Amino acid sequence: MSDDSHTDTQSHCCGCADQSAAGPCGPDDLTSIRGRIAQAVRDVRERTPLAQSFTNFVTINLVANAQLAAGGTAAMSFLPDDVIDTASISGADYINVGTLLPFYKDALPQIARAFRKSGHKWVLDPVAAGIGKTRTEILRSFRAAPPTIVRGNASEIIALATMWGLISPDGTSRPAGVESVDDVDAAVEPAKTLATFLAQSAPDARAAVAVSGKVDLVTDGERVYRLPGGSAMMTKITGAGCSLGGVTATYLAVAEPLIAALAASLLFNRAGEIAETKSDGPGTFQAHFLDALWNLAPEQVAGSAIDLR
Amino acid sequence: MSDDSHTDTQSHCCGCADQSAAGPCGPDDLTSIRGRIAQAVRDVRERTPLAQSFTNFVTINLVANAQLAAGGTAAMSFLPDDVIDTASISGADYINVGTLLPFYKDALPQIARAFRKSGHKWVLDPVAAGIGKTRTEILRSFRAAPPTIVRGNASEIIALATMWGLISPDGTSRPAGVESVDDVDAAVEPAKTLATFLAQSAPDARAAVAVSGKVDLVTDGERVYRLPGGSAMMTKITGAGCSLGGVTATYLAVAEPLIAALAASLLFNRAGEIAETKSDGPGTFQAHFLDALWNLAPEQVAGSAIDLR
Amino acid sequence: MSDDSHTDTQSHCCGCADQSAAGPCGPDDLTSIRGRIAQAVRDVRERTPLAQSFTNFVTINLVANAQLAAGGTAAMSFLPDDVIDTASISGADYINVGTLLPFYKDALPQIARAFRKSGHKWVLDPVAAGIGKTRTEILRSFRAAPPTIVRGNASEIIALATMWGLISPDGTSRPAGVESVDDVDAAVEPAKTLATFLAQSAPDARAAVAVSGKVDLVTDGERVYRLPGGSAMMTKITGAGCSLGGVTATYLAVAEPLIAALAASLLFNRAGEIAETKSDGPGTFQAHFLDALWNLAPEQVAGSAIDLR
Chain C
1 MSDDSHTDTQ SHCCGCADQS AAGPCGPDDL TSIRGRIAQA VRDVRERTPL
51 AQSFTNFVTI NLVANAQLAA GGTAAMSFLP DDVIDTASIS GADYINVGTL
101 LPFYKDALPQ IARAFRKSGH KWVLDPVAAG IGKTRTEILR SFRAAPPTIV
151 RGNASEIIAL ATMWGLISPD GTSRPAGVES VDDVDAAVEP AKTLATFLAQ
201 SAPDARAAVA VSGKVDLVTD GERVYRLPGG SAMMTKITGA GCSLGGVTAT
251 YLAVAEPLIA ALAASLLFNR AGEIAETKSD GPGTFQAHFL DALWNLAPEQ
301 VAGSAIDLR
Chain X
1 MSDDSHTDTQ SHCCGCADQS AAGPCGPDDL TSIRGRIAQA VRDVRERTPL
51 AQSFTNFVTI NLVANAQLAA GGTAAMSFLP DDVIDTASIS GADYINVGTL
101 LPFYKDALPQ IARAFRKSGH KWVLDPVAAG IGKTRTEILR SFRAAPPTIV
151 RGNASEIIAL ATMWGLISPD GTSRPAGVES VDDVDAAVEP AKTLATFLAQ
201 SAPDARAAVA VSGKVDLVTD GERVYRLPGG SAMMTKITGA GCSLGGVTAT
251 YLAVAEPLIA ALAASLLFNR AGEIAETKSD GPGTFQAHFL DALWNLAPEQ
301 VAGSAIDLR
Chain D
1 MSDDSHTDTQ SHCCGCADQS AAGPCGPDDL TSIRGRIAQA VRDVRERTPL
51 AQSFTNFVTI NLVANAQLAA GGTAAMSFLP DDVIDTASIS GADYINVGTL
101 LPFYKDALPQ IARAFRKSGH KWVLDPVAAG IGKTRTEILR SFRAAPPTIV
151 RGNASEIIAL ATMWGLISPD GTSRPAGVES VDDVDAAVEP AKTLATFLAQ
201 SAPDARAAVA VSGKVDLVTD GERVYRLPGG SAMMTKITGA GCSLGGVTAT
251 YLAVAEPLIA ALAASLLFNR AGEIAETKSD GPGTFQAHFL DALWNLAPEQ
301 VAGSAIDLR
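Sequences listed follow chains C, X and D, in order. Going by UniProt numbering, the first sequence opens with residue 1, and the numbers climb by one from there. Going by UniProt numbering, the second sequence opens with residue 1, and the numbers climb by one from there. Going by UniProt numbering, the third sequence opens with residue 1, and the numbers climb by one from there.
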């Protein structure tokens, strides 16, 4: 155990564990961040935390398998009584608004309110934000009972921040669909604004937003971390983003939001790179990707390139 | 680009691009067909068209992964507002009536009517046609708002054509189940009759029916194309048929119905053969099958045996 | 064909086909058991029986693929009219109470009553027994229309037996979740009591309970069979337990309950061991596991260690 324990409750300037290091943040602060990322990777493997998911039917199997491969355990539920009961033994939850069914319109707001009441941490994946009246109603309702982390592509992050009135619609962003039509760079300010809003709502004032793209972006509302790497093949299997959201919840069960979001994104990028070298196409890629999630050393994950600016 | 472009709107005798070649169709016309098949395979990889699916929960992941491996993109939806919104950015849709839920009884007819109104192209997979009162009601309702392509096994094609009053029940066909109990040959006339009916309902008078079996059969209502090959292992993984339906919708986003149905069936047969040689059982077969969908050259797909009679 | 045919309707002491062998049961009786296990494995491959499933959305694809890899065929349904229609052509059914939707509260009791009325055999997987009001109501309702086999982890078996009033709550067992918190040994008496209750309700007085754990346990209410082996990697993919339940239904379509439960558990343990030696992590493990289900010889399955006490 190091001083960088996930139970650290100090100021999160640059995620620095040492208060005296607060002030202008620079690349040196990354040493602390990296230590806490490695610890989160280790903690999940040692404690096998349960992270429950309410997620879409397309990729639900990969979400569970990725959580298991990262070292956690998985449970998927849709009925509010089931979800709320299971949340009492779950370290964090993951909610993904793909493949909506009619009863979700009432169930999801009810579940979010229950999480807010109990202070339960959760990750939101606003899949296809902007498409469909029902999805818009559900996503709008979360403004009053917000998640701890939002993970999405650039278009989804911009659509959610716009929907919640945190940024003005600039007329340049189109409905998100499930593939991003916006660049990660276009989402920097919306992501920071969204993370700040989430932190203001969080019991411990900590939150994060992760934007997936060619270069992933993670922010706690103050600093922006860019994570290069990964593999283009991750866009050729369905569910790379969803399973990243699920594994983010797994890490959130043992670490603070910024560290959880960074650890999950780094783990996925490294695993994608390894799987690409071992596979001949998307079918074998997925198998090797899960293997790599299982096999990567905490230091390999934490030692990856992080571009802080 | 060749004259065999998918945007060609000429007569579809044998799928010939050249009107002067109309008249008695023969094997020579296959040259034109093959060119357009290769073009469809290329177009999907270059344009990555979105094909949306409303499909069963068993194989929904494989449908999406097969569409991605063929070069397209995927989105799955079930709520009418979600499906109809997404259809506006989707090149074609795929509807599969497996694993019905109660609300589908109203949702699916509503969706089919919306597609008809907007002229949106779609592929129907009448899984288990003949089983269950609800499925029968849903499939019957599609007669008034028919798909562009129907893809199924012989029993399903016969059951659907009978249900729509296009052929007389001969008393020899049993309810379809999910495994065909009828031979592809028994489905030749029902498939032609069904395709003719679909073409009469289509805005551009083009439609197709694909029958999966040991030898696949594709027809536009006039000519019947038999596609030998494939692998018996395709019946030992769940969803080979469903994912073929999904990939047919992917090709339908860039090509006319006959070419889309031929291209998808040929791609699947070739991929099945390659995967069989590389695998030791159904688990590794599925991974290698997706790899082969990704790796096959357009000329390999288009150059396959097509038996025209 | 041997005397140990699955159509044998004699006394099931130790599963002995020979009445004269009844009395104190010992390891020698295992010879008969093994013969019938091998026969069940062969019969499934020769007859490709359909076993229908009503199962959770997380692992529904693996359940179907495992049933196909074992040699059977699969169909998944949720609407009562669909399930009851398909049951007429299905050798046995599998019901798994994970990922509940609202309409299941009425649908599942209705389906169980229909199975009871028609004498249709089915396997229950009481996933997460004890969690959620709706699940508890559904599982309680099955007491009046019980399954032929129950398969679960130790916590789920104890929770179900307690819920049905067959054993007194001892206050030591916690709600099951999807991961067992109880040891298989703690479930021996609850499993025997449960199996005895099931047998009393069965048309032919035969039933079984299978408890999955480090050492699996199968009982017909009289004798307890312990099955060592398997692979720890089976807990690192989602759905090993669910797919075991599905394959148990596949075997139940051709064999009596005790033999079906033993054959499925032994097949899974042997396949897990083979897959572990061939894989580098959970992704490749799953592919090799399905391959092994497909490739294992009946004698390899039946010749495995069985600890009778």
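In this text, a Cβ means the ideal position worked out from N, Cα and C, and glycines have one as well. All values derive from a computational prediction rather than experimental measurement.
Looking at the unbroken alpha helix (DSSP H) that takes in residue i, where does it start and where does it end?
i, result
"residue 85 (chain X)", "80 to 87"
"residue 222 (chain C)", "Premise fails: residue 222 (chain C) is in no alpha helix (DSSP H) and is neither H nor E."
"residue 193 (chain X)", "188 to 201"
"residue 41 (chain X)", "30 to 47"
Could you check whether the Cβ of residue i sits closer than 7 Å to any heavy atom belonging to the ligand FAD?
i, result
"residue 134 (chain C)", "Ligands displayed in this structure: none; no statement on the ligand FAD is therefore possible."
Are there 16 or more other CB atoms within 10 angstroms of the CB of residue i, so buried, or fewer, so exposed?
i, result
"residue 200 (chain C)", "exposed"
"residue 228 (chain X)", "exposed"
"residue 176 (chain X)", "Here residue 176 (chain X) scores only 49 on pLDDT, less than 50, and its place in the model should not be relied on; the value that follows carries that caveat. Looking at its Cβ environment, which holds 16 or more other Cβ atoms inside 10 Å, residue 176 (chain X) is buried."
"residue 128 (chain C)", "buried"
"residue 232 (chain C)", "exposed"
"residue 299 (chain X)", "exposed"
"residue 257 (chain C)", "buried"
"residue 169 (chain X)", "exposed"
"residue 146 (chain D)", "buried"
"residue 246 (chain D)", "buried"
"residue 235 (chain C)", "buried"
"residue 182 (chain X)", "buried"
"residue 29 (chain X)", "buried"
"residue 294 (chain C)", "buried"
"residue 119 (chain C)", "exposed"
"residue 277 (chain D)", "exposed"
"residue 88 (chain C)", "exposed"
"residue 248 (chain C)", "buried"
"residue 312 (chain X)", "Coverage of chain X is limited to positions 1 through 309, which leaves residue 312 (chain X) absent and any answer about it impossible."
"residue 253 (chain D)", "buried"
Would you give the residue range spanned by the beta strand (DSSP E) that residue i belongs to?
i, result
"residue 217 (chain D)", "216 to 219"
"residue 212 (chain D)", "208 to 212"
With DSSP collapsed to three states, give me the class of residue i.
i, result
"residue 160 (chain C)", "helix"
"residue 96 (chain X)", "strand"
"residue 151 (chain D)", "strand"
"residue 296 (chain X)", "coil"
"residue 55 (chain X)", "coil"
"residue 166 (chain X)", "coil"
"residue 73 (chain D)", "strand"
"residue 316 (chain C)", "Since the displayed chain C opens at 1 and closes at 309, residue 316 (chain C) lies outside it and no answer follows."
"residue 307 (chain D)", "strand"
"residue 291 (chain X)", "helix"
Residue i and residue j look like a contact to me (Cβ under 8 Å); what is the Cβ gap, rounded to whole Å?
i, j, result
"residue 297 (chain C)", "residue 288 (chain C)", "Actually they are not in contact, since the Cβ atoms of residue 297 (chain C) and residue 288 (chain C) sit about 17 Å apart, beyond 8 Å."
"residue 218 (chain X)", "residue 265 (chain X)", "6 Å"
"residue 221 (chain X)", "residue 195 (chain X)", "4 Å"
"residue 83 (chain C)", "residue 111 (chain C)", "5 Å"
"residue 41 (chain D)", "residue 267 (chain D)", "7 Å"
"residue 156 (chain X)", "residue 126 (chain X)", "5 Å"
"residue 154 (chain C)", "residue 207 (chain C)", "Residue 154 (chain C) to residue 207 (chain C), Cβ: 19 Å. No contact."
"residue 50 (chain C)", "residue 282 (chain D)", "Not a contact, Cβ separation roughly 17 Å."
Original post:
Which whole runs of the alpha helix (DSSP H) in the region 100 to 148 of chain C are 4 residues long or more, in chain order?
Top reply: 104 to 118, 133 to 141
**OP:** Run through the region 225 to 271 of chain D for me and flag every whole alpha helix (DSSP H) of 4 or more residues, listed as ranges in chain order.
**Re:** 240 to 252
Original post:
According to a CB-to-CB cut-off of less than 9 Å, which residues of the region 272 to 292 of chain X neighbour chain A?
Top reply: In the structure shown, chain A cannot be found, because the protein chains are C, X and D.
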